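Let me begin by presenting the structure, written as structure tokens, before commenting on it.
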Amino acid sequence: MQSMTVGQLLPFINLPDVVSRVTAIGLSMDSREIEKGRIFVATPGVNTDGKQYIGQAIQQGAVAVFIDSTAQNDHLEYKNSIPIISIPDLDQLLSEIAGRFYGHPTQSLYVVGFTGTNGKTTCSQLYAQLSALLGKRSGIVGTLGYGCCSPTLHADHKTHLSLATTGMTTPDAIRTQAICAELLADGSDNLSIEVSSHGLEQGRVAALNINTAVFTNLSHDHLDYHGDMATYGQAKAKLFSMPSLNSAVVNMDDSFSEQLLDKMGNGIDVITYSVNNTSANIYLSNIHYQSSKIDAILNTPKGIFSVSTHLVGEFNLSNLLAVLSVFYLEHDDFNEVVANIPYLLSIPGRMESISNNLDKHIVIDYAHTPDALKNALLALKSNTHSNLWCVFGCGGERDKDKRAVMAAVAEKYADYVVVTNDNPRNENAKSILLDIEKGFKQKNYTIIEDRAKAICFSIEQCKERDIVLIAGKGHEDYQLIGDKKYPFSDQKTARLVVRHLEESVND
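Numbering (the UniProt record's numbering) for the sequence shown: 1 to 507.
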């Protein structure tokens, strides 16, 4: 069993020998996971402070407790003979402490970190898929979970990916290091990780050896946490000042790219990309949108290539370019990279079509920001002369300022809008709906609080060849109402409605 002493974990703190020699078999920030021989790391959370659970952790067998020091010096005290060690800036040091315990696994991997308001999940998943298609075993950590994308190396060019849940986009510092160690032990050659602004601000990836950083975009989100767009942007920019960084990929179609490029450190190899800006290093031209694919010319310093993809929408072209830019930096044979683009699969909950025999186009997407909703609606609008429906809501206890903006976007780009619950959490659901309503100029929208009923209404009421976008939850298989997590899936709900309607037609 893996173990390490407190002294080995905290070499920067002068501790008595009796404390330094305490041996731990693991670390955890969740008191419920503590068992005999583990260290409990008690840090403040969003709703509770870990210090409240120190007694419980000690009862369960914690051999030591690490807490964040309010002073600028370390401090040692005891509770029931168990050392409680106060550590200044613990949140920023925890990634390094956990890295020591797990042997700094990312030092043995090629690591790509994706950050941005939208596109992180799609980019990281596409990177893992393309790596697998090129014969690599690719680890992935992000919103959909963590796991390895491995090549099957058959003529059908399929990849295999199974994911375990992480609970958040970027897991806590201990969990992140543990996952990276697990993926390395599982034979991963490289790793793509989604890096959220919260994760950067809270130091969750501070000690990861990230080789390439990718910026996708910056738009309205998480202002309940960051306060304003400038602070939000500063959090994202932290990824590009990590000491391990060798290269950076930046989306020139986003205005924040200028600030990012100005602050980029010397010695970092920078590649810019754009859907159609010819001043970028990598860009597209002659783009042809078709019902089932997009064809374009890919322009790079290494040459010009014809590309074809089954991904939907201009925003997915931007995501694809981000990934291709990384491979441009790391893969010698770019012709081989381009040849595998047609085999890339869509991502669960990202512009995911629900098949049916009703001649209705039903799409599930995670779009939960104004910009993402706009991009999804525009992508679908370009493929139809029929009506476009939009079903959406806004999460509770999250950025309230975007709610009315989401309504304005839906009203502008959709023909029919149905407003419903997302994850209300502990906020009053009706209050959320009222906030959303403030963004509508007209009264041509429907409010159905129950999400399942809203999905049912939209699919039943839309006509043949209409498109229904069910936005906001994507891959999620739950709904957060109050303190409870209820099983709920947009996909399963939509398929259930479709099956019922198909059976009615056949009767």
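Glycine included, every Cβ here is placed at the ideal spot set by N, Cα and C.
Given the structure is predicted, the values throughout are model-derived calculations rather than measurements.
Around the CB of Leu-434, fewer than 16 other CB atoms lie within 10 Å, so the residue is classed as exposed. Excluding five sequence positions before and after Leu-126, the CB atoms of its chain that fall closer than 7 Å to its own CB belong to Asn-319, Leu-320, Val-323, Leu-344, given in chain order. Uninterrupted alpha helix (DSSP H) stretches at least 4 residues long and entirely within the UniProt domain "Mur ligase C-terminal" (349–474) occur at 370–381, 402–413, 429–437, 451–461, given in chain order. Distance from the CA atom of Ser-197 to the CA atom of His-368, rounded to whole angstroms, is 16 Å. DSSP places Ile-481 in the uninterrupted beta strand (DSSP E) bounded by 478–481.
Lys-492 and Lys-360 have their C-alpha atoms roughly 16 Å apart. The C-beta separation of Leu-358 from Leu-501 comes to about 6 Å, placing the pair in contact by the 8 Å criterion. Shortest Cα-Cα distance from Cys-123 to any of Gln-479, Leu-311, Ala-57 involves Leu-311. For Ile-341, the secondary structure class from DSSP, reduced to helix, strand or coil, is helix. Membership of Ser-197 in any beta strand (DSSP E) is not indicated; the residue belongs instead to the alpha helix (DSSP H) covering 197–201. Note: Gly-267 is not bridge-paired with any residue in the DSSP secondary-structure output. Just measuring C-alpha positions, the residue of Asp-189, Glu-258, Pro-243 sitting nearest Asn-211 is Pro-243. Assignment of Val-111 by DSSP, reduced to helix, strand and coil, places it in the strand class. Just so you know, the alpha carbons of Tyr-53 and Ser-31 end up roughly 6 Å apart.
Annotation for Gly-103: Ala-181 place their beta carbon closer than 7 Å to its own, counting only its chain and skipping 5 residues before and after.
Taking a contact as a CB-CB distance under 8 Å, the pair Ser-20 and Val-41 does not count as one, their CB atoms being some 18 Å apart. When only Cα atoms are considered, Gln-479 and Thr-170 end up about 20 Å apart. Between Leu-163 and Ala-128 the beta-carbon gap is near 10 Å, outside 8 Å, which marks them as no contact. Taken through DSSP and simplified to helix, strand or coil, Lys-36 comes out as coil. Ranking Ser-325, Tyr-445, Val-63, Gln-202 by CA distance to the CA of Phe-114 puts Ser-325 first. Judged by DSSP in its simplified three-state form, His-310 adopts coil rather than helix or strand. Contact annotation, Ile-25 with Arg-38: C-beta distance approximately 6 Å; criterion of less than 8 Å satisfied.
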